[in-house]
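Student:
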Ligand code: AMP
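Residue numbers (the working numbering): -15 to 284.
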């Protein structure tokens, strides 16, 4: 695997495979790899001839300076892990390479998708920063496929919208959330949790699992599902920022449950902010597949 720092070098490396018609896959990341990241890379490896992983801690998408400063960084470890799963290029540009002096452009998806949930909590600028950097990465790499995690469901939806609206020639693949054995969604931020916070953090998955079971067993009142989930989070010592049942297509809160809905949760465990989500489907228990609980697997 080769580590590349500049856009010119990257374009140069990809010119020949592109001319030869090779399928190029991109996995955008901010590093501190865990099995969630690696599952996206494995998926890309299975689908594509050339796999590029970008590693860029995008400063513009952090609304809290402290969160950016303490974001875990270990490029050497990341490079070893990416090489082990067969990644071809690790693209790790500097901030000056991505945002040279005079940079003044923004890609912005409509507020209906970007001003709610994470957009409301982290500020509208969060998703503008994400869509701007992701569209820049798409232009730098020119991928045929780009891989994102369902863990960040709103981000995946916003990026799909951007790609459709701007006719970007890339197919977006969304891979399932990879979880720890107790169900906690893997996240680079889990590294900040103390031992007791780590135990408390499993509550996010637990309340989503309960919500899924309740809806499968006939509960049709989104307000009742949310109230129970928030009460359980608070009882565990976790501070909910939101728990909601929303449309998986528009992210609008649902008023009833008569088809698939997306349960979304954000909460603070100590100083660490965590998010998770789960699709809920009103089908009887006997027809329900086992709760989504994906460990690291060859293909996600
Ligand atoms: P990040 O480095 O946190 O920006 O994440 C890079 C990509 O990995 C994003 O598309 C995330 O949605 C995805 N990702 C993060 N955590 C997980 C997880 N536990 N399972 C699957 N994908 C994940």
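Glycine included, each C-beta is placed from N, C-alpha and C at the ideal position.
Nearest to residue 113 by CA position, among 124, 128 and 82, is which residue?
Tutor: Residue 82 is the option with its Cα nearest to residue 113.
Student: Just verifying my parser: in three-state terms, what is the DSSP assignment at residue 75?
Tutor: The answer is strand: DSSP assigns residue 75 an E or B state.
Student: Hey, out of -15, 227, 247 and 86, whose CA is closest to residue 38's CA?
Tutor: Here the closest residue by C-alpha is -15.
Student: For residue 262, report the span of its beta strand (DSSP E) as first-last.
Tutor: 256 to 264 is the extent of the beta strand (DSSP E) around residue 262.
Student: When you measure from the CB of residue 139 to every non-hydrogen atom of the ligand AMP, does any distance come out below 7 Å?
Tutor: Yes, since a heavy atom of the ligand AMP falls inside the 7 Å radius drawn around the Cβ of residue 139.
Student: Can residue 69 be considered in contact with the ligand SAH, in the sense that its beta carbon sits closer than 7 Å to one or more heavy atoms?
Tutor: Summarising the ligand content, the structure contains the ligand AMP and does not contain the ligand SAH.
Student: Quick check: the stretch 102 to 110 against the stretch 21 to 30, are at least 3 beta-carbon pairs closer than 8 Å?
Tutor: No contact exists between the stretch 21 to 30 and the stretch 102 to 110.
Student: Less than 6 Å between C-beta atoms, sequence neighbours within five positions excluded: which residues of the same chain meet that for residue 34?
Tutor: These residues qualify, in order along the chain: 1, 6, 8 and 72.
Student: Going by DSSP, what residues sit across from residue 39 in a beta bridge?
Tutor: 13, per the DSSP bridge assignment.
Student: Taking the alpha-carbon of residue 170 as reference, which of 156, 186 and 267 has the nearest alpha-carbon?
Tutor: When only C-alpha atoms are compared, the closest one is 186.
Student: Tell me the residue span of the beta strand (DSSP E) that contains residue 130.
Tutor: It spans 129 to 133 - the beta strand (DSSP E) in which residue 130 sits, taken as one unbroken run.
Student: Look up residue 44 in the DSSP assignment and say whether it is helix, strand or coil.
Tutor: Residue 44 falls in the helix class under three-state DSSP.
Student: Any heavy atom of the ligand AMP closer than 7 Å to the CB of residue 133?
Tutor: It does: the Cβ of residue 133 is within 7 Å (strictly closer) of some heavy atom of the ligand AMP.
Student: Can you tell me the Cα-Cα spacing of residue 263 and residue 140, whole angstroms?
Tutor: Computed Cα separation, rounded: 14 Å.
Student: What is the DSSP secondary structure of residue 87, counted as helix, strand or coil?
Tutor: Three-state DSSP puts residue 87 in coil, outside helix and strand.
Student: Name the DSSP bridge partner or partners of residue 155?
Tutor: Note: residue 155 sits in a beta bridge opposite 129.
Student: Does the Cβ of residue 13 lie closer than 7 Å to at least one heavy atom of the ligand AMP?
Tutor: Yes; taking the cut-off as 7 Å, the Cβ of residue 13 has a heavy atom of the ligand AMP nearer than that.
Student: In the structure shown, what three-state DSSP assignment does residue 278 receive?
Tutor: Residue placement at residue 278 is flagged as unreliable, the pLDDT there being 41, under the threshold of 50; the coordinate-derived value follows with that caveat. Strand, per DSSP.
Student: Drop a sphere of 10 angstroms on the beta-carbon of residue 251, count the other beta-carbons inside from all chains shown, and report buried for 16 or more, exposed for fewer.
Tutor: Label assigned to residue 251: buried.
Student: In chain order, what residues of the same chain have a beta carbon less than 6 Å from the beta carbon of residue 266, not counting five sequence neighbours either side?
Tutor: So the qualifying residues of the chain are 199 and 241.
Student: Quick check: does the Cβ of residue 20 come within less than 7 Å of any heavy atom belonging to the ligand AMP?
Tutor: Indeed, a heavy atom of the ligand AMP lies less than 7 Å from the Cβ.
Student: What is the C-beta distance between residue 65 and residue 235, in whole angstroms, given that I count them as a contact (C-beta under 8 Å)?
Tutor: The Cβ separation is near 32 Å, so there is no contact.
Student: Going straight from the alpha carbon of residue 178 to that of residue 253, what length do you get?
Tutor: So the alpha carbons of these two residues sit roughly 10 Å apart.
Student: Can you tell me where the beta strand (DSSP E) with residue 223 in it begins and where it stops?
Tutor: Per DSSP, residue 223 belongs to the beta strand (DSSP E) from 223 to 230.
Student: Is residue 249 closer than 8 Å to residue 226 when the C-beta atoms are compared?
Tutor: Yes, these two residues count as a Cβ contact at 8 Å.
Student: Relative to the ligand AMP, is the shortest distance from any of its heavy atoms to the C-beta of residue 25 smaller than 7 Å?
Tutor: Flag unset: Cβ of residue 25 not near the ligand AMP.
Student: Put residue 241 into one of helix, strand or coil per three-state DSSP.
Tutor: Coil at residue 241, not helix or strand.
Student: Once DSSP output is grouped into helix, strand and coil, what is the label at residue 118?
Tutor: Helix.
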